[in-house]
Every structure is written in C-alpha cells, then in structure tokens.
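**Q** Sequential numbering from 1074 applies to the sequence shown in the working numbering.
Beta carbons: idealized from backbone N, C-alpha and C, even for Gly.
My questions will all concern the structure given below.
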Amino acid sequence: MIIQPTSVAALTWIGAAAGASSEGWRIGSVLSARPLGINEQGLMVLQIGALTVEAEAPGTKLPPQFQVRVLSLGAQPQLEILGTDSPLDSTLNQALRERLPQQNGYAPLLATVDALSQWAMAKQLPPYLRSALALLEHSMSTPAELSTGEGLRQAVNRSGVFLEAQLAQAAANDATTAHDDVKGALLRLVAILKDQPLTGESSNVEVDPPLLYRGVVPQGRLPLPFELATTNEATDFLPRLYTDVQAALARLEVAQLQATPGHWIVEIPVQDTEGADVLQLMLKQEQEAEQGWTMGFSLDLPSLGPLVGELHLRGLRLSVRLWAQRRETVDRMEDQFDDLRARVEATGLFLDQLSCQLGLPHTGTSVSAVFLKATV
C-alpha cells in the first residue's frame, strides 16, 4: 500500500474510542504522530497526541514524524495524515470531510422507497413527491439490463458518478441528460424534502472508510425500523426518507471525489419484482501491466447470499475468482463453470483461472488499500 499524505489514500481509521474524548481529540484538531516500532504480536505501535495505540502494519513505511487531523469521532475516529511534501488539496479534503460522516449505502433508502411504493402509502403522498420517487425507481437498473455488456455500460453511465461530466458535454438545450441518472433523481428528492427534519444523529456514528480504499463489500437488504414497519402514515416516512437520500447522495459524492481515470467504484441499485438490491463495481487499471485491468464486484441477493468477485485481465488472459458465503451458492456457481469457460473462450480470451471459494475475502486484502486499524 502506498500512503500519499495529501490524498484520500492517507485517511486512517483508528479504533481509539477511549482516547477520542481525551484532550485535543476534537474534530478539526491537528495532532502529532510518530511510529514507535513493532510489538511482539507484529502490530505497529504509534503515538498519536498523548495516546499510544497499536495498529495493523499498513505495508508501507511511515515517516519518523507526521501529523494527523481529526475528521470524526466515535468508535473509530477518522484521522487524515497530513504531509509536507506537496500542498494539501484543501478543496477536495474539505469536501470529503463534510461528506464522509454523512455517507451510507443505498440499502436503507431502498427499504424506505419500497415501503412508500405500496399503493396504500403512495396515494397519501403529494403528486410531485410521487413523481420524484417514480423517477428514482426509473433510474434503477433491472437484472435483465445488467445481463448484457451494453446494459451494464449504460447502468454505469447513469450511476451518478459521471453526471456532471455528461452535463458538461450535453447540448445547452438538452434538458433530458439527468432524467435517467441516479444522482439526478437523488438531487430532485433532496430539493423536495429539504424542509423535513433529519432522523438520527451522525456525530457518534462510526464512519466507514471511503469506498475506493475498503474494497467491494456485499450489501444486503435492510428491514425497516420497527416504528416505521408498523405505521400506516406515509408522512411518518418523510424524515427517514430525507436522511436516507442525503446519506446516499453523500456516499455517491465521496465516490466522485475519489474517482480517477484509472480507478473508480460505482454502486448500482437493481430493481426487480421482488425488491431492490445493490451491485457494487470497482474498476482499476493496473499501472505495471500494459492493458491490465482489475474489476471487482459484490452483491447480496436473497437467493444467493453475499457474493464477491474479482476479475484480472492482462492482455488476452483472464483470471476469475469468486467468493460466496453459502455452500449451496458455491455449488451453484461451480455448476455454471463449463458454460462460463465456453463463453469466455468464444470472446477470444484465455481463461487462466476460474474458482469459487466458500467464505468472503477480508476487506482491504485484495484490490483495496489497507487502513491502519488501531486500539489503545
């Protein structure tokens, strides 16, 4: 892992809940830090401010002294490593600092939208809100669309990550560019719901690492909170809907702020007759290999359970590794291997590896960077 002190890759998660309330541990505070060595357990010992913490070795050498800025508190305070080798991109980092504590995946939002889509609920909503919710559902992809290369390409394009780039290239009189885009739909909902109170508090909630640096993680469907699952009043959902939309929009914007031409992650809501799920894709161009790409994906379907995949393409040579949490899913995947091999060979590629393992890969051990996870 390469830690770049002035980039998002330098964000470090510290499990130091006890120290978070110590003197100096306030959001925005800058603390001195230095590595003290490696202990008998192979953990790196760091001194951060007045605290001594143990951390998993990041796989790269830290400087003898450096500074960190506290970005959030909670069970795992979020710290940003500050460097002196190049100017800090204050605009980018400020945008990330604002959005990281707010971010959340699509699963809570999809549960809320699914509940509101029921006719008994939907008919209670004003027409303009029903229209905005319908546009959000329209922006979602279907399993049939994602089963083709062209359908997947279109789903990625309208995932929201590329909205501003598409608007910049669109004709000045083209008002339809954002109609099918997920971010466009989320922005419409935010504008409509902006006067609704937020639900919950985020100041003490553990903040997830940015998507680009924690790897692909399956996201299953979430049930509604008890108080919403038992209500028949659509208006009871509106504060929750506003919170969910804000959180999903913040997550999408974090992905945009991190994206580079050769490395990005998109999350695609997938709607079918049984409900909505989340397909997460990661695409990375490998700098050391000409025509080398790595694609990771994850999803969690009720029929299959959590599933993670990683494809490595080097020229015309392809390796495919799959992981599934359920034994029956591994068996189902392996039953399809002969057909998959034939399909790959028909494209002119050489399939070097095709495997499916029981269990899920450890977060951050494959294509994503490894963060320091420390304890006091």
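Could you tell me how far apart the beta carbons of A1349 and L1189 are, in whole angstroms, since I believe they sit closer than 8 angstroms?
**A** With a Cβ gap of about 12 angstroms, A1349 and L1189 do not count as contacting.
**Q** Since V1103 and Q1140 are thought to touch, with beta carbons under 8 angstroms apart, how far apart are those beta carbons, to the nearest angstrom?
**A** Indeed they touch by this definition, with Cβ atoms about 5 angstroms apart.
**Q** Note the first and the last residue of the continuous alpha helix (DSSP H) segment covering G1432.
**A** First-last for G1432: undefined, no H or E at that position.
**Q** If L1295 sits next to A1184, beta carbons under 8 angstroms apart, how far is it from one beta carbon to the other, in whole angstroms?
**A** Right, the Cβ-Cβ distance comes to about 5 angstroms (below 8 angstroms), so this counts as a contact.
**Q** Can you tell me which of the three DSSP states V1393 falls into?
**A** Strand.
**Q** How would you label R1261, buried or exposed, when you count the other beta carbons within 10 angstroms and need 16 or more for buried?
**A** When all chains shown are included, R1261 counts as buried.
**Q** Using 8 angstroms as the cut-off, can you tell me whether the segment 1331-1343 makes contact with the segment 1194-1201, which would need three or more C-beta pairs spanning the two stretches below that distance?
**A** No, the segment 1331-1343 does not touch the segment 1194-1201.
**Q** If I follow the unbroken alpha helix (DSSP H) through L1262, where does it start and stop?
**A** Residues V1255 to L1266.
**Q** Taking 6 angstroms as the limit between beta carbons, can you name the residues of its chain near Q1353, skipping five residues before and five after?
**A** Closer than 6 angstroms at Cβ, skipping near neighbours: V1289, E1340 and S1371.
**Q** Assuming the contact rule is C-beta atoms closer than 8 angstroms, G1432 and T1402 should be a hit. Round their C-beta distance to whole Å, please.
**A** Not really, about 11 angstroms apart at Cβ, beyond 8 angstroms.
**Q** When we look at the beta-carbon of I1111 and count the other beta-carbons within 10 Å, is it buried (16 or more) or exposed?
**A** Its Cβ having fewer than 16 others within 10 Å, I1111 is exposed.
**Q** Using C-beta distances below 7 angstroms, list every residue in its chain close to D1345, excluding the 5 sequence neighbours before and after it, in chain order.
**A** Cβ neighbours of D1345 beyond the five flanking positions: T1215 and P1216.
**Q** Going by C-alpha to C-alpha distance, which of R1313, V1327 and A1264 sits closest to L1173?
**A** The residue with the shortest Cα to Cα distance from L1173 is V1327.
**Q** Where does Q1426 sit, in a helix, a strand or coil, going by DSSP?
**A** If DSSP states are grouped into helix, strand and coil, Q1426 belongs with the strands.
**Q** Quick check on L1110: does DSSP put it in helix, strand or coil?
**A** One detail in the question is off: residue 1110 reads as Gly in this sequence, not Leu. It is a strand residue.
**Q** Which ranges does the alpha helix (DSSP H) cover as unbroken runs of at least 4 residues, wholly within the segment 1333-1409, from first to last along the chain?
**A** Complete alpha helix (DSSP H) runs here, min 4: 1400-1408.
**Q** Please confirm whether V1255 and S1220 have their CB atoms less than 7 angstroms apart.
**A** No; because the gap between Cβ atoms is not below 7 angstroms, this pair is not in contact.
**Q** State the Cα-Cα distance for the pair L1427 and Q1167, rounded to the nearest angstrom.
**A** C-alpha separation (whole angstroms): 42 angstroms.
**Q** Compute the beta-carbon to beta-carbon distance between L1259 and V1318, rounded to the nearest angstrom, for a pair I have assumed lies under 8 angstroms.
**A** Contact holds; Cβ gap of about 6 angstroms.
**Q** Could you spell out where the beta strand (DSSP E) holding L1119 opens and where it closes?
**A** M1117 to I1121 is the span of the beta strand (DSSP E), which, as asked, contains L1119.
**Q** Grouping DSSP H, G and I as helix and E and B as strand, with all else coil, what is T1308?
**A** DSSP places T1308 in helix when its eight states are reduced to three.
**Q** Output needed for P1270: all residues of its chain with C-beta closer than 7 angstroms, excluding positions within five of it in sequence on either side, in chain order.
**A** These residues qualify, in order along the chain: P1312.
**Q** What does the Cβ neighbour count give for H1252, buried or exposed, with the cut at 16 atoms within 10 Å?
**A** That one is exposed.
**Q** Between which two residues does the alpha helix (DSSP H) containing M1194 stretch?
**A** W1192 to A1195 is the span of the alpha helix (DSSP H), which, as asked, contains M1194.
**Q** DSSP state of F1139, grouped into three classes?
**A** Correct three-state label for F1139: strand.
**Q** I'd like the list of long-range same chain contacts for P1434, defined as Cβ closer than 7 angstroms, with 5 residues on each side in sequence excluded.
**A** Contacts found: V1381 and W1396.
**Q** Assuming the contact rule is C-beta atoms closer than 8 angstroms, E1383 and G1369 should be a hit. Round their C-beta distance to whole Å, please.
**A** Confirmed, about 5 angstroms.
**Q** Would you call R1324 buried or exposed, if buried means 16 or more other Cβ atoms sit within 10 Å of its Cβ?
**A** The residue in question, R1324, is buried, as its Cβ has 16 or more Cβ neighbours within 10 Å.
**Q** Answer yes or no: do L1330 and L1182 have a C-beta to C-beta separation smaller than 7 angstroms?
**A** No; because the gap between Cβ atoms is not below 7 angstroms, this pair is not in contact.
**Q** Tell me the residue span of the alpha helix (DSSP H) that contains Y1179.
**A** It is not in any alpha helix (DSSP H) - Y1179 carries neither H nor E in the DSSP assignment.
**Q** On the premise that G1365 lies in contact with R1387, defined as a C-beta separation below 8 angstroms, what is that separation, rounded to the nearest angstrom?
**A** At roughly 5 angstroms, the Cβ-Cβ gap stays under 8 angstroms, so R1387 and G1365 are in contact.
**Q** Can you tell me which of the three DSSP states S1105 falls into?
**A** Three-state result, S1105: strand.
**Q** Spatial neighbours of E1347 within its chain, please: CB distance less than 8 angstroms, with the 5 preceding and 5 following residues excluded, ordered by chain position.
**A** The answer, listed in chain order, is P1375.
**Q** Going by C-alpha to C-alpha distance, which of G1293, T1272, L1301 and A1415 sits closest to Q1175?
**A** Of the candidates G1293, T1272, L1301 and A1415, the one whose C-alpha sits nearest the C-alpha of Q1175 is T1272.
**Q** Go ahead and label L1109 buried or exposed: buried means 16 or more other beta carbons lie within 10 angstroms of its beta carbon, across all protein chains shown.
**A** Burial call: exposed.
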